[in-house]
Amino acid sequence: MKQTAVLILLLLVNICTYADVRMPHIFGDNMVLQRDKPIQIWGWADAGEKITVSFHQQKKKATANKQGRWLIKLEIEKAGGPYTLQVEGKNKVMFNNVLVGEVWFCSGQSNMALPVHLITNAVAEADSADYPQIRHFYVPNKISATPEEDIEAGAWTVCNPSTVSNFTAVGYLFAKELSRKLNVPVGIINSSWGATVSETWTSREALAADDAFKELMAATPPLDSSQGDRYQAFSTNPSCYPSLLFNAMVHPFLNYGIKGILWYQGESNAGRAYQYRKAFPLLIRDWRNHWKEILPFYFVQISSFNAGNGDSQHGSTWAELREAQTMALSIPNTGMAVTIDIGSATEIHPQNKQDVARRLAATALHELYNIPQVHSGPAYKAMKTKAGQAIITFNDIGSGLMVKDRYGYIKGFEIAGADRKFHYAKAYLAGDSVIIYNEQVSEPFSVRYGWADDAGACSLYNIEGFPAGPFRVDNWPEITSGVKYSICE
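All letters in the sequence shown, in the order written, are residues 8 to 496 by the working numbering.
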């Protein structure tokens with residue numbers, strides 16, 4: 008009899024627990040919902056339970072399906088708030104101080120994760136961070152063998168001087184630029200993990216269907232949940248296994264409306280830069296497919312860092328990775344912030360995140376928000392030769408080319424003949440072109456700019472202050488062309 012009573016009590020506890028309306032952790036006080044598109048509200052309840060969602064001047068109903076899942080689409084809302092979101096079934100859940108505005112998903116590795124308190128002028132940035140319309144959501148680092156529906160914990164934090172220090176610096180500074188220019192709330196979801204490769208942020212089905220990865224994936228069995236737990240416990244770098252971070256740190260947010268994606272990653276893929284030409288576009292397509300929208304995807308080109316003394320003479324993995332990133336600009340609705348000029352030979356995490364964010368924001372403001380402005384630096388257009396000199400023309404010169412060097416020298420150019428031997432080049436401006444030469448190269452065949460791991464001396468800009476992107480004219484084979492992804496690196 009006693010055992011029967013205990014069993015009934017346990018059953019009642021389980022029923023009561025399951026019957027409660029439960030929401031994903033992305034929903035919370037202080038959250039920002041995406042404006043100007045239908046707002047999806049979803050969660051779990053008892054099968055057949057009637058759910059009512061009330062928000063602003065809207066009220067909608069749904070019924071939980073056999074699996075206990077439910078989803079309601081609210082009508083489009085303009086920027087505004089604060090509002091209250093109420094979800095009611097057999098219990099009631101309330102979310103207060105909710106804003107409607109722009110939501111950006113910020114992801115990548117440690118340069119995206121880098122918090123405000125570690126950047127240039129960190130104290131001044133924090134002291135002036137009185138922006139209650141900016142909200143930050145931190146996604147805890149976690150791997151998963153299978154796609155997750157939710158994360159273990161999370162909360163939206165209102166931006167003020169006492170909270171901003173742990174925000175993603177790039178995300179916060181980007182949000183500040185948008186909030187100032189647009190005068191709307193901005194939410195940033197910080198889902199980033201240091202030293203991670205792009206393949207772990209890509210879904211298994213996307214990797215398995217791609218020619219560059221299908222052979223490896225066929226030989227890499229999916230992990231079950233217990234294997235995933237053991238892998239996290241014993242691997243020195245659990246986040247390099249394919250799809251584990253997509254499952255745990257991207258998949259839970261696919262129903263949440265966002266404006267676009269900010270991506271700062273690539274350093275951990277530099278040793279396989281040639282393959283990144285496939286891996287990076289694959290990730291972009293994969294995320295867009297899962298969000299069911301051609302979302303704006305703006306990314307940061309990796310900066311200068313002396314990763315291995317790489318240059319044109321010895322080969323440079325970082326230069327090749329930057330080239331792969333530049334190639335991704337051929338994908339519609341993408342943009343790139345060039346940061347070759349703000350790195351450090353000895354520090355892989357540039358502290359100047361202000362310029363990184365300003366350059367990302369300039370692209371967003373121009374491309375998405377129809378604010379006419381120059382938003383990028385000179386990009387290689389064409390080369391012709393004349394009398395032993397190479398003449399380079401550029402796109403995106405803005406109001407014209409300029410040199411940032413105390414002596415007026417254009418640094419960063421190299422020139423080679425058909426022998427493929429590069430020499431440091433002399434260069435000077437000629438209107439909207441750059442003339443490049445070296446007396447040892449009588450018949451120029453190729454020019455390279457910023458082609459090194461550490462190319463921080465590059466000094467060509469447009470008048471608006473955006474740096475020229477690194478490039479090469481040749482397509483000679485490079486050092487990463489045969490290096491493939493393996494488990495684990």
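Even glycine gets a Cβ: it sits at the ideal position worked out from N, Cα and C.
Does DSSP put residue i in a helix, a strand or coil?
| i | result |
| --- | --- |
| residue 286 | helix |
| residue 492 | coil |
| residue 224 | helix |
| residue 208 | helix |
| residue 361 | helix |
| residue 118 | helix |
| residue 261 | coil |
| residue 256 | helix |
| residue 296 | helix |
| residue 448 | coil |
| residue 23 | In this prediction, residue 23 scores a pLDDT of 41, lower than 50, which makes its location untrustworthy; no coordinate-derived value is stated. |
| residue 437 | strand |
| residue 370 | helix |
| residue 14 | Note that residue 14 scores 45 on pLDDT, short of 50, meaning its location in the model is unreliable; the coordinates nonetheless yield the value given after this. The answer is helix: DSSP assigns residue 14 an H, G or I state. |
| residue 480 | coil |
| residue 100 | strand |
| residue 9 | Because residue 9 carries a pLDDT of 47, less than 50, the predicted location of this residue cannot be relied on, and the following value inherits that uncertainty. Residue 9 falls in the helix class under three-state DSSP. |
| residue 274 | helix |
| residue 138 | coil |
| residue 281 | helix |
If residue i sits next to residue j, beta carbons under 8 Å apart, how far is it from one beta carbon to the other, in whole angstroms?
| i | j | result |
| --- | --- | --- |
| residue 269 | residue 177 | 7 Å |
| residue 275 | residue 204 | 5 Å |
| residue 469 | residue 409 | 7 Å |
| residue 459 | residue 318 | 4 Å |
| residue 279 | residue 491 | 7 Å |
| residue 265 | residue 111 | 7 Å |
| residue 165 | residue 142 | 6 Å |
| residue 261 | residue 298 | 6 Å |
| residue 91 | residue 105 | 7 Å |
| residue 146 | residue 256 | 5 Å |
| residue 442 | residue 398 | 6 Å |
From the DSSP secondary-structure annotation, give me the bridge partner or partners of residue i.
| i | result |
| --- | --- |
| residue 195 | 111, 143 |
| residue 376 | In the DSSP output, where bridge partners are listed per residue, residue 376 has none listed. |
| residue 47 | 80 |
| residue 402 | 386 |
| residue 497 | Given a span of 8 to 496 for the chain in the structure shown, any question on residue 497 remains unanswerable. |
| residue 345 | Beta-bridge pairing links residue 345 to no other residue. |
| residue 69 | 58 |
| residue 430 | 422 |
| residue 410 | 467 |
| residue 40 | 107 |
| residue 392 | 397 |
| residue 474 | 468 |
| residue 29 | 51 |
| residue 318 | 322, 459 |
Quick one: give me the first and last residue of the alpha helix (DSSP H) that residue i is part of.
| i | result |
| --- | --- |
| residue 178 | 176 to 189 |
| residue 153 | It is not in any alpha helix (DSSP H) - residue 153 carries neither H nor E in the DSSP assignment. |
| residue 334 | 324 to 334 |
| residue 130 | 129 to 134 |
Which two residues bound the contiguous beta strand (DSSP E) that contains residue i?
| i | result |
| --- | --- |
| residue 442 | 440 to 444 |
| residue 308 | From DSSP, residue 308 is part of no beta strand (DSSP E); its letter is neither H nor E. |
| residue 92 | 87 to 95 |
| residue 1 | As displayed, the chain neither begins before 8 nor continues past 496, which places residue 1 out of reach and without an answer. |
| residue 458 | It is not in any beta strand (DSSP E) - residue 458 carries neither H nor E in the DSSP assignment. |
| residue 271 | 267 to 271 |
| residue 163 | 163 to 165 |
Three or more C-beta pairs closer than 8 Å, one from the stretch 450 to 459 and one from the stretch 417 to 425: is that the case here?
yes
Looking at C-beta atoms only, is the number of pairs between the stretch 210 to 224 and the stretch 164 to 174 that lie closer than 8 Å three or more?
no
Under 8 Å, with one C-beta from each stretch per pair, do the stretch 400 to 414 and the stretch 373 to 388 reach the 3-pair mark?
yes
Taking contact to mean 3 or more Cβ pairs, one atom from each stretch, closer than 8 Å, check whether the stretch 327 to 345 and the stretch 475 to 485 are in contact.
yes
Would the stretch 26 to 42 count as touching the stretch 248 to 258 if we require 3 or more Cβ pairs under 8 Å?
no
Stretch-stretch touch, CB-based, cutoff 8 Å, three pairs: the stretch 344 to 359 with the stretch 297 to 312
yes
With a threshold of 8 Å, are at least 3 pairs of Cβ atoms found where one atom belongs to the stretch 42 to 60 and the other to the stretch 79 to 92?
yes
At a cut of 8 Å, does the stretch 112 to 125 reach the stretch 349 to 357 through at least three beta carbon pairs?
yes
Does the stretch 53 to 64 come within contact of the stretch 181 to 194, defined as at least 3 CB pairs closer than 8 Å?
no
Is there contact here, the stretch 363 to 375 with the stretch 178 to 187, by at least three beta-carbon pairs under 8 Å?
yes
Should the stretch 432 to 446 be called in touch with the stretch 410 to 420, which here means at least 3 C-beta pairs below 8 Å?
yes
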